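>
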Amino acid sequence: MNGNLTIINAASLVCISDRNRPRAGKAQGELDIIRGGAVAIREGEIVSVGTTAEILKKYGDDTELLDATGKTVLPGLVECHSHPIFAGNRHWEYVRRLEGASGKDIRAEGGGIWSTIVNTRKASDEELISNTVRAFNQIAAGGVTTLEVKSGYGLDKEGELRLLRLLKEAAQQTPMDIVVTFLGAHIAPQDGRSTAEFVESVKKEMLPAVAEQGIAESQDLSCENGDFSASQAKELIEISSSFGLPVHVHADASSDSRGWRTAVEGHALSADHLTYTPDEEIFSVGATDTVAVLLPVAEQFYLDERKANGRLFIRNNVPVAVATDYCSSFQATSLPLTIAAACSWFKFTPAEAIVGATLNAAYALGKNRDRGSLDVGKRGDITIFNCEHPNQLGTAIGAPIVDKSISRGNIIWESMNKI
Ligand SMILES: [Zn+2]
């Protein structure tokens, strides 16, 4: 585990070179592939990228060589939207949805996010850590090297700070790099507090404590009719910057809520879901560096009436990322499957979806400086796939296609499947 590794003979070395901004428009579909490529990592950092002949000439065989003949080598996958810390399971709600029940029906039957909050508050620390580490292990099997995780099932100061602390503890039990996000304004409280009171409590109690304890790297919030209005979201975004916390916005997940515009005007790192964002809003907001994080698996399993207009975001020069949305409703763990789903669901090319799970996902987390692409100076984070061309990530649907993942030059996960 010294962080020194040279990978050679890759059928496709997919560089996705960082051009100092997230990839949008035509560039979203460009992968910068080197055939027969190689990458040298020293002390955890990428020091050279090129053809195998060039790299062997420069670096010889002074360190461990990993032969990637017949394989596709990608920057380490970045999963930029997950909610892994909770107790209880809501599988019965899916059955009710399939039977035609609405979200309102399910809440009346005792389900919905609030039921997860009640169960999570009752659970022991040990149970929550164990649930979270199990999620980490399953997500790591999809080749993820960086994973963003949100709190959000505490919904009061004590509960949220507890979940953030437990996420930090669980992070010690995985070799993936864990990026922790504070999600206070997740849904409107259902225990008698008004949303206005709750927003005040996020602003005056939770955010100051999160910032003081330094236990989260950003704030997430919902801009959604029935939860938090665009003006409440704006207030939370503005105060977040005074604490030095960049922002993510759950936007337009269930209805047109002006979430996309609010996120972009607030210079959010990302706006996520965007299922109901109207085409006119995408047109009028235009190009931006706020990353649109789309969740194709979540949209399919929520049985939404519509889908995010992924192609229109790309056409309007908006950088797009894709993510699983692992949460208490659906435990989608596979980022490769999500890449495949993004292709059929949004009509993305595999290249566009791959950029969305690497470089653009790194930008969505504010982690672009040291990961998301195979560029000299970035972390030696790599995911190796059992296929010759990256297009096969779009066609090998559900296959155990991940061969290895590598973090800072060290192998952190390896498949037992020899395919
Ligand atoms: Zn979410």
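Position 119, counted from 1, in the sequence shown is what my numbering calls 110; the numbers after and before it change by one each time, with no gaps. Don't be surprised by glycine CBs; every beta carbon is placed ideally from N, CA and C. This structure is a prediction, so every number in the text was calculated from the model and none was measured.
Would a C-beta distance cut-off of 9 Å place F292 and T63 closer than the cut-off?
Taking the first residue of the sequence shown as 1, we reach residue 292 at position 301. Taking the first residue of the sequence shown as 1, we reach residue 63 at position 72. In this structure, T63 does not lie closer than 9 Å to F292 by Cβ.
> Taking the runs of the beta strand (DSSP E) that are 3 residues or longer, which of them lie wholly in the stretch 135 to 209?
Complete beta strand (DSSP E) runs here, min 3: 135 to 141, 168 to 176.
> Which of helix, strand or coil does DSSP assign to N122?
The sequence position of residue 122 within the sequence shown is 131, counting from 1. In the structure shown, N122 sits in a helix (DSSP, three-state: H, G or I).
> Just to confirm, does D295 get its C-beta within under 8 Å of one of the non-hydrogen atoms of ligand 1?
Working through the sequence shown from its first residue, we reach residue 295 at position 304. False, no ligand heavy atom lies under 8 Å from that Cβ.
> Using 8 Å as the cut-off, can you tell me whether the stretch 187 to 197 makes contact with the stretch 215 to 233, which would need three or more C-beta pairs spanning the two stretches below that distance?
Touching, yes.
> D263: beta carbon under 8 Å from a heavy atom of ligand 1?
Position 272 of the sequence shown, counting from 1, holds the residue named residue 263. Yes, ligand 1 has a heavy atom inside 8 Å of this Cβ.
> Verify whether the separation of the beta carbon atoms of G134 and G67 is less than 9 Å.
Numbered from 1 along the sequence shown, position 143 holds the residue referred to as residue 134. Numbered from 1 along the sequence shown, position 76 holds the residue referred to as residue 67. Yes.
> Considering only heavy atoms of ligand 1, does any lie closer than 8 Å to the CB of D316?
Within the sequence shown, the letter at position 325 stands for residue 316. Indeed, a heavy atom of ligand 1 lies less than 8 Å from the Cβ.
> Have a look at the DSSP bridge pairing and note the partners of S73.
Mapped onto the sequence shown, residue 73 falls at position 82. According to DSSP, which records beta bridges pairwise, S73 is partnered with Y317.
> Of the residues D295, A353, N308, K338, which one's Cα is nearest the Cα of A314?
Taking the sequence shown and counting its residues from 1, the one referred to as residue 314 is at position 323. Comparing Cα-Cα distances from A314 to each of D295, A353, N308, K338, the minimum goes to A353.
> Would you kindly check if the distance between the Cβ of V30 and the Cβ of I46 is under 9 Å?
Here the question's residue 46 lines up with position 55 in the sequence shown. Here the question's residue 30 lines up with position 39 in the sequence shown. Yes; because the gap between Cβ atoms is below 9 Å, this pair is in contact.
> Just curious, the alpha helix (DSSP H) that R88 is in, first and last residue?
Taking the sequence shown and counting its residues from 1, the one referred to as residue 88 is at position 97. Where R88 is concerned, the enclosing alpha helix (DSSP H) stretches over 82 to 89.
> Tell me whether P13 is buried or exposed, calling it buried when 16 or more other Cβ atoms sit within 10 Å of its Cβ.
For the purposes of this step, residue 13 is identified with residue 22 of the sequence shown, where counting begins at 1. Buried.
> Is F292 helix, strand or coil by DSSP?
As a first step, residue 292 must be located in the sequence shown, where it is residue number 301. The answer is helix: DSSP assigns F292 an H, G or I state.
> Report the partner residues of K395 according to the DSSP bridge assignment.
Numbered from 1 along the sequence shown, position 404 holds the residue referred to as residue 395. DSSP lists I375, E405 as partners of K395.
> Quick check on A333: buried or exposed, where buried means 16 or more other Cβ atoms within 10 Å of its Cβ?
To locate residue 333, count along the sequence shown from 1; it is residue 342. Per the 10 Å Cβ criterion, buried.
> In three-state terms, what does DSSP make of A224?
As a first step, residue 224 is located in the sequence shown; it is residue number 233 there, counting from the start. Reduced to three states, the DSSP call for A224 is helix.
> Measuring from the CB of H380, is there a heavy atom of ligand 1 at a distance below 8 Å?
The residue labelled residue 380 in the question sits at position 389 within the sequence shown. False, no ligand heavy atom lies under 8 Å from that Cβ.
> Would you tell me roughly how many angstroms separate the C-alpha atoms of G103 and V109, rounded to the nearest one?
Taking the sequence shown and counting its residues from 1, the one referred to as residue 103 is at position 112. Taking the sequence shown and counting its residues from 1, the one referred to as residue 109 is at position 118. Going from the Cα of G103 to the Cα of V109 covers about 11 Å.
> To which residues of the same chain is I413 closer than 8 Å at the C-beta, ignoring the five residues directly before and after it?
Shown here, the chain extends from -8 to 410; a query on residue 413 therefore has no answer.
> Indicate, with yes or no, if ligand 1 has a heavy atom lying under 8 Å from the CB of K141.
Taking the first residue of the sequence shown as 1, we reach residue 141 at position 150. Checking every heavy atom of ligand 1 against the Cβ of K141, one is found closer than 8 Å.
> Taking D270 as part of the alpha helix (DSSP H), name the residues at either end of that continuous run.
Reading the sequence shown from its first residue, position 279 is the one you call residue 270. Residues 270 to 276.
> Would you call the stretch 260 to 277 and the stretch 238 to 245 touching, i.e. three or more CB-CB distances under 8 Å?
The answer is yes - the stretch 238 to 245 touches the stretch 260 to 277, with three or more Cβ pairs under 8 Å.
> Pick out whichever of L286, F127, F173 has its Cα sitting closest to the Cα of F163.
Position 172 of the sequence shown, counting from 1, holds the residue named residue 163. Here the sequence assigns Gln to residue 163, which means Phe is not the residue at that position. Residue F127 is the option with its Cα nearest to Q163.
> Looking at the structure shown, is T266 part of a helix, part of a strand, or coil, going by DSSP?
The count along the sequence shown starts at 1 and reaches residue 266 at position 275. In this structure, T266 counts as coil in the three-state DSSP scheme.
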